[in-house]
Each structure stands twice: as C-alpha cells, then as structure tokens.
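Heads up: the sequence shown begins at 59 in the numbering used here, then just goes up one per residue.
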Amino acid sequence: MIRSVVLGVGSSLPRRVMKNTDLEGVVETSDEWIIQRTGIRQRYIAADDETTASLGEAAARAALASAGLTADDIDLIVLATSTPNNTFPATAVEIQERLGMRHGFAFDMQAVCSGFVYAVTTADLYIRGGLAKRVLVIGSETFSRILDWKDRSTCVLFGDGAGAVVLEAAEGEGTVADRGVLAQSLRSDGSHKEKLYVDGGPSTTGTVGHLRMEGREVFKHAVGMITDVIEETFSQAGITADDLDWFVPHQANKRIIDASAKKLGIAEQKVVVTVDLHGNTSAASVPLALSVAVGDGRIKKGDLVLLEAMGGGFTWGAVLIRW
C-alpha cells in the first residue's frame with residue numbers, strides 16, 4: 059500500500075523574543091505566575107515585516123533543504139493557519155509564489171490549533187489517492203495580530219512561528235512497521251464554539267477581532283478529548299502507549315500536556331515539550347516541536363511518533379507516524 063513518509067522538517071521563528079518579564083510592563087502579571095500556570099517562559103512576536111506567509115516560506119525552505127528537494131519537486135502545499143495574510147486568496151498560494159512554484163496547487167486549512175494534524179491527514183489522503191506524490195505541509199501563525207494585549211488571561215499564552223514537513227508517497231507493506239503515516243483520528247464539536255473563538259470576521263463584524271477564551275472550560279475538556287482520539291489511533295494501529303518512541307503534543311499548556319501523558323500512560327521522557335520556548339503557536343506548535351526534536355537528534359528514522367492537538371471549535375485529532 060501507499061504510505062506518506064516524512065522526508066524533511068523545518069521551522070522559522072520571528073526575530074523578537076518576548077520573555078515573561080517583558081509582559082510585566084504590558085499587563086498585570088509576573089514571570090512566576092505564567093510559569094506556574096502554563097510552563098511558558100518566552101514566546102516570539104512577529105515584526106511588521108514578518109507575516110504568516112514569510113514565516114511559512116522560511117519554514118518551507120528549511121523543510122525542503124532537509125529533504126534534499128526544491129519547490130519543483132512538490133505537487134501540493136497545504137497550509138494550516140488561523141491568521142492568514144489576507145481573507146483571500148489563500149496564504150498557501152502566496153507561499154507557492156514566494157517559493158517560485160509554478161505548478162501543482164495550494165490551499166489553506168482552518169482548524170485552529172488542530173490545523174497541522176488536520177493538514178497532515180489531508181495530505182496523506184491526497185497522496186494515497188494518487189493526486190500528489192510529494193506534499194509540503196506547513197503550520198504558520200501570527201497570533202500576536204489577534205491578541206487583546208489588555209487581556210492577561212490570553213496575551214501571555216500565544217506566540218508566532220512556523221513549522222513544515224515534506225511528505226512523499228512510498229510503498230509500504232500495510233503493517234505498523236511501515237514508515238509514514240499509519241493511523242489518524244479527527245473530531246470536532248461546534249457546541250463549544252464560544253469557549254475559544256475570535257470575536258470578529260468578514261461576514262459578521264467586518265473586522266479581524268480579538269481572541270477570546272474561557273480558559274477553565276478549555277482545560278476541563280482538553281484532557282478527555284485528547285485521550286479519546288489518541289486511544290482510537292492506538293486501536294487502529296494495534297499498539298499501546300508502551301510502543302511509542304515519542305509523543306509530540308500541541309504546545310498549549312504544560313499542565314495539559316502532563317495530564318494527558320499521565321492519563322495515557324506515556325512515560326515523561328517520551329514527551330516532547332517546547333511550550334516553554336515558543337508559547338502556544340496554534341497550528342505551528344506541533345511542527346515547531348517536531349523540528350526541535352528532530353534537530354537535536356531525539357526523533358530518528360524508524361521511531362514511532364504520535365502527534366496530537368486540540369483547538370477552537372472545538373477541533374481535536376491525533377496522527378501516528380513511523381519516522
């Protein structure tokens with residue numbers, strides 16, 4: 059059978075680092091308060107000349123270099139983002155142009171923090187369906203543009219950045235020993251919309267709006283929803299938590315990551331955590347964490363890696379990949 063194998067990974071971060079102490083002069087908060095409740099120590103904030111497209115382009119170029127490919131080798135670009143450069147066209151098309159890619163097709167995917175997991179699953183379907191041989195999957199966000207910097211419950215949580223992977227069609231035996239995407243589970247439930255959303259949009263207010271969140275409600279639902287899709291993914295692949303080499307969760311909150319891993323029986327040393335470095339970068343958080351763990355040598359060829367995310371909507375999902 060056809061599998062979608064990861065050939066390369068890359069990332070890009072804005073130039074400016076904003077530490078917790080820098081926020082003490084913006085809202086009533088403290089480094090100790092933020093670390094205790096979230097595990098975040100710093101985040102990156104995009105300058106005026108840094109956009110979702112420019113960060114996504116840089117991450118894409120890094121992933122292509124890692125794969126030993128060029129844009130000419132790519133058939134499809136799927137960009138996961140909730141902060142596009144424009145309402146339309148898709149920011150993926152702008153990245154396609156920036157890369158000098160004059161063939162194939164490109165589109166955006168909007169599932170908020172779950173966007174990258176949704177995008178990898180979508181790319182896998184295009185590859186297995188024979189519509190693309192190589193796909194560039196990007197998660198890129200500039201959440202600083204939609205934050206209310208007077209709301210200390212949200213502005214301390216989010217940051218900007220981008221990550222990307224290159225997937226390629228390869229023959230597999232149809233077993234869990236195959237390299238590539240092995241199993242996935244996606245869910246959504248629109249009844250939770252008001253718990254995490256942006257209070258603006260072209261069709262409602264005609265404005266961009268600001269992010270609004272009921273933090274306690276999100277936390278309350280997160281662990282149960284995350285474990286639900288992960289257990290379904292394990293069942294599809296016929297594995298248990300003990301078989302995993304690495305767990306790469308959405309980097310929203312260290313307490314959610316720890317509680318999820320504990321409930322699933324995933325050993326602490328198998329969990330990739332970068333929330334302290336990047337904050338919550340929404341759809342960029344999983345590929346950024348992947349890039350760090352591949353770059354420092356933790357994730358290696360043949361490793362069994364589980365990706366997971368949950369975002370506004372609510373949306374949530376998991377993907378199992380043999381690296």
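A virtual CB, placed ideally from N, CA and C, is assigned to each residue, including glycine.
As the structure is a prediction and not an experimental result, all values here were calculated from the model.
Taking only the alpha-carbon atoms, compute the straight-line gap between residue i and residue j and give it to the nearest angstrom.
i, j, result
"Gly68", "Asp218", "15 Å"
"Lys278", "Gly162", "42 Å"
"Trp304", "Glu326", "10 Å"
"Ser140", "Met167", "8 Å"
"Thr109", "Leu81", "22 Å"
"Trp91", "Ser211", "11 Å"
"Asp354", "Leu71", "17 Å"
"Ala317", "Ile284", "10 Å"
"Gly114", "Arg73", "14 Å"
"Val333", "Ala310", "7 Å"
"Thr180", "Val195", "9 Å"
"Val193", "Glu86", "44 Å"
"Val350", "Ile314", "20 Å"
"Ala190", "Val223", "15 Å"
"Ala150", "Gln94", "37 Å"
"Ala280", "Lys251", "14 Å"
"Gly238", "Thr145", "33 Å"
"Leu346", "Lys328", "17 Å"
"Ile288", "Phe174", "16 Å"
"Arg119", "Ser246", "32 Å"
"Val84", "Ser340", "22 Å"
Under the three-state reduction of DSSP, which class applies to residue i: helix, strand or coil?
i, result
"Met76", "strand"
"Met167", "strand"
"Ile135", "strand"
"Ser318", "helix"
"Gln309", "coil"
"Ala342", "helix"
"Leu157", "coil"
"Met59", "coil"
"Ser249", "helix"
"Ser124", "helix"
"Ile379", "strand"
Do residue j and residue i count as a contact pair if the criterion is CB distance below 8 Å?
i, j, result
"His268", "Leu205", "yes"
"Gly158", "Ala129", "yes"
"Ile60", "Glu229", "yes"
"Ala235", "Thr291", "no"
"Leu322", "Ala299", "yes"
"Ala148", "Tyr176", "no"
"Asp257", "Arg270", "yes"
"Ser198", "Ala117", "yes"
"Leu244", "Gly375", "yes"
Given residue i, which residues of its chain have a CB within under 7 Å of its CB, disregarding the five upstream and five downstream residues?
i, result
"Val363", "Asp303, Trp304, Val306, Ile357, Ile379, Trp381"
"Gly248", "Gly371"
"Thr79", "Asp89"
"His308", "Cys171, Ser343, Val344, Glu366, Ala367, Met368"
"Glu152", "Ala111, Asn143"
"Ile324", "Ala299, Leu302, Phe305"
"Val75", "Gln100, Tyr102"
Got a sec? Which residues, its chain only, sit under 6 Å from residue i by beta carbon, not counting five neighbours each side?
i, result
"Leu348", "Val67, Val306"
"Leu254", "Met271, Val276, Gly370"
Measuring alpha carbon to alpha carbon, tell me which residue in the options is nearest residue i.
i, options, result
"Val170", "Val234, Val377, Ala342", "Ala342"
"Gly188", "Asp133, Asp257, Gly282", "Asp133"
"Phe201", "Val344, Asp301, Ile103", "Ile103"
"Gln294", "Gly360, Val377, Ser112", "Val377"
"Ser124", "Val64, Thr262, Arg101", "Val64"
If I measure Cβ to Cβ from residue i and keep anything under 8 Å in the same chain, skipping five residues before and after, which residues do I get?
i, result
"Asp107", "none"
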